[in-house]
């Protein structure tokens, strides 16, 4: 099966569990969707902030627009000073924490400044969390990463008056030209970016100055950070939960499938005996179905096997009656006193009948043997003594064959049935004697290896045929022309008896390839 | 007076063949094909010997039931189970129900006739008080070859005919090992090796039931069995 079977898989095998957990990766859509939602929201907030700032700037510009004294703003006179003080008080009234207002004249001279950009960023720091510890942990873990990813690059701390912004910025120039503008610039020290709106202040037909309203986006950045942190926490929780559930589910599936596989593998043993599936359970899913249909198939196979096993026995039994008819008829014929020249046919018929009878007996022998072995009583006996007795007997049974025995001096106590052990020896001896080359001895040895008695029977002769299951019933390596009737039960008996003794039998070629050795290992410490 | 033998056998050809052979040897034979007709036919007058098939018609165990019924009517009626089955379980079951012998249908007619004759002799002489001349004595063992009875320390051992022949074969030459083939030939039985083993076991049990110290039947592994001389 293996030689023309399955191609090796191209990818390393991923178990069912792994695959199902991989499915959980679909949940990675959550952060993606969440991120785009956060971005959109942030965009909206930003626009709103800009609108608010623009409105504030317009309001300041409008307020200043109506002051006639502002014309004297630039004068170095008490009027100018008074005008500047008025502007300052106006600006101070509007400014609040987080909102900074500048007013410069058209010569870019600072007239008033009020408010502080820093301040409300701290308000969002201790915000509540949805996932508690988990979210805080995520936040702590992600803070440096998010800072690098989301924050603008850090700049040297901003001086009180950012000259390049106020005086060199194009926005101020544009305002002086009469147009309002919005600018976003990095915050000082890598903090949140700052949005500034510039608005021209008109006096009559000329731009007398510029109002600049600035606000930090710290609140927004903080909102964005928290949203993303929460998003990641949600994703982690969802992924974790989904993976756990899927893992449990997959493990259950996997365990059931593995159990089904193991049972299916063991359902048919090396002898072809079919055992029922234990897990042919009542599960109402595909695995239950599979298990049940497998069970059904196995049951059918078992039925077929049982039928085949019984066939020989039943056939033998059924044929006995017609044979009895034949035999009793022939016997009656003989008793009638046939003429001498007819009895030769009678003899031949009886001879044929006898052979037929032997075949039938052999056919049913395997089943009967199994029954005998099963019904045998256990006792403790000395295998070495039985072995010695048997080997002594073989000298008489096989006069032209030499048996060399090697046995330990001390008793080898086995738990089993001595008559079965003797029967096993008979078969091993007969087998070895049949296959041994003429003139070569059959070597029988019983040695102790630890607590195991090892019986070996070796003979010189042909090697083992490849692929033949020697210890199965109805397997024979004999030539077709071999004398007598051999249905290959000999070594099957050996195995039955070995198994009865809780041992096992194996056959191998001799190391030098000159013959065959059959080994039977029998434990001596069997306790019932 | 001719002896009457009832054959209860569902296969007409076998029944007729056995009936012919037994008639030719001077027995009166009545043939029944099933349990019902056998019970009716045997109710008024029991035959002198019954040849009984185990499976009759559709009932695979009808013979066992019939054996029980016949045994309840007569404790001494010789009953031989005659069956196509050759497994040990059926044999043991049959003998436990009180059958005197158990032969498979592959037995030859001369063997069957010999068993029938032997059982008749045992039945006829068993009741007679007259001492047999043909006895075999081996220490505590006495085998009466005419009555087909065995005594141990003077007490009768209730053996089946097959067991009797096995004991006889073993005890005739104490110390000599008899292998299974020889024993089967001497006991006129055609069964597999393991059946001999169980026969021997049952014989030992019957002897030890009378004498717990009995150990005259020796198992010689790989060879067979022998009678251990007690002299």
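Residue numbers (the numbering used here), protein chains in the order written: chain A, 109 to 636; chain B, -10 to 220. Beta carbons are placed, not taken as given, at the ideal position from N, Cα and C, and that holds for glycine. For clarity, every value in this text was computed on a predicted model and none was experimentally measured.
Check: Segment contact flag, the stretch 81 to 92 of chain B with the stretch 412 to 428 of chain A, C-beta cutoff 8 Å, min 3 pairs; Outcome: no
Check: Status (buried if at least 16 other CB within 10 Å, exposed otherwise) for residue 357/A; Outcome: exposed
Check: Own chain residues within Cβ distance below 7 Å of residue 486/A, not counting five before or after; Outcome: 523, 524, 525, 636
Check: Three-state class that DSSP yields for residue 7/B in the structure shown; Outcome: helix
Check: Beta-carbon spacing of residue 36/B, residue -6/B below 8 Å; Outcome: yes
Check: Counterpart residues of residue 308/A in DSSP-defined beta bridges; Outcome: 318/A
Check: Residue 210/A - partner residues in DSSP beta bridges; Outcome: 221/A, 320/A
Check: Residue span of the beta strand (DSSP E) that contains residue 553/A, given as start and end; Outcome: 550 to 557
Check: Under 7 Å by beta carbon: chain A residues contacting residue 2/B; Outcome: 433
Check: Distance between residue 206/A and residue 300/A (C-alpha atoms, nearest Å); Outcome: 12 Å
Check: C-beta contact flag for residue 128/B and residue 218/B at 8 Å; Outcome: yes
Check: Sequence-distant residues of the same chain with beta carbon closer than 8 Å to residue 145/B, five excluded per side; Outcome: 138, 139
Check: Sub-8 Å separation of residue 284/A and residue 340/A beta-carbons; Outcome: no
Check: Neighbourhood of residue 587/A by C-beta, 7 Å cutoff - its chain only, sequence neighbours within 5 removed; Outcome: With a pLDDT of only 49 at residue 587/A, under 50, the local geometry of the prediction cannot be trusted, and the value read off the model is given with reservation. Contacts found: none.
Check: Delimiting residues of the alpha helix (DSSP H) encompassing residue 626/A; Outcome: Not the alpha helix (DSSP H): residue 626/A falls in the beta strand (DSSP E), residues 623 to 631.
Check: As assigned by DSSP and simplified to three states, the class of residue 149/B; Outcome: coil
Check: Whether residue 67/B touches residue 112/B by CB criterion (8 Å); Outcome: yes
Check: At least 3 beta-carbon pairs within less than 8 Å: the stretch 327 to 342 of chain A vs the stretch 128 to 143 of chain A; Outcome: yes
Check: Beta-carbon gap between residue 496/A and residue 513/A smaller than 8 Å; Outcome: yes
Check: Residue-chain proximity (residue 94/B, chain A), Cβ-Cβ < 8 Å; Outcome: yes
Check: Spatial neighbours of residue 120/B in its chain, beta-carbon cut-off 8 Å, leaving aside the 5 residues before and after; Outcome: With a pLDDT of 49 at residue 120/B, under the threshold of 50, the predicted position of this residue should be treated as unreliable, though the coordinate-derived value follows. There are no such residues.
Check: Partner residues on chain A for residue 99/B, Cβ-Cβ distance less than 9 Å; Outcome: 439, 442, 443
Check: Exposure label - residue 159/B; buried when at least 16 CB within 10 Å; Outcome: buried
Check: Start and end residues, alpha helix (DSSP H) containing residue 143/A; Outcome: 137 to 173
Check: From 63/B, 3/B, 50/B, 102/B, residue whose alpha carbon lies closest to that of residue 15/B; Outcome: 102/B
Check: Beta-bridge partners of residue 80/A, as assigned by DSSP; Outcome: Residue 80/A falls outside the range modelled here, since chain A spans only 109 to 636, and no answer is possible.
Check: Option in 494/A, 197/A, 511/A with minimal Cα separation from residue 208/B; Outcome: 494/A
Check: Contact the stretch 547 to 558 of chain A vs the stretch 504 to 521 of chain A: 3+ CB pairs below 8 Å; Outcome: yes
Check: Neighbour flag for residue 209/B against chain A, beta carbons, 8 Å; Outcome: yes
Check: Residue 147/A classed as buried or exposed, judged by whether at least 16 other C-beta atoms fall within 10 angstroms; Outcome: exposed
Check: Amino acids of chain A, ordered along the chain, whose beta-carbon sits closer than 9 Å to that of residue 82/B; Outcome: Here the premise fails: no neighbours, minimum Cβ distance about 13 Å.
Check: Distance between residue 321/A and residue 204/A (C-alpha atoms, nearest Å); Outcome: 11 Å
Check: Where the beta strand (DSSP E) through residue 489/A begins and ends; Outcome: 487 to 490
Check: Chain A within 8 Å of residue 124/B, Cβ atoms only; Outcome: no
Check: Partner residues on chain A for residue 212/B, Cβ-Cβ distance less than 7 Å; Outcome: 497, 501
Check: Nearest candidate by alpha-carbon position, reference residue 246/A, set 333/A, 128/A, 191/A; Outcome: 333/A
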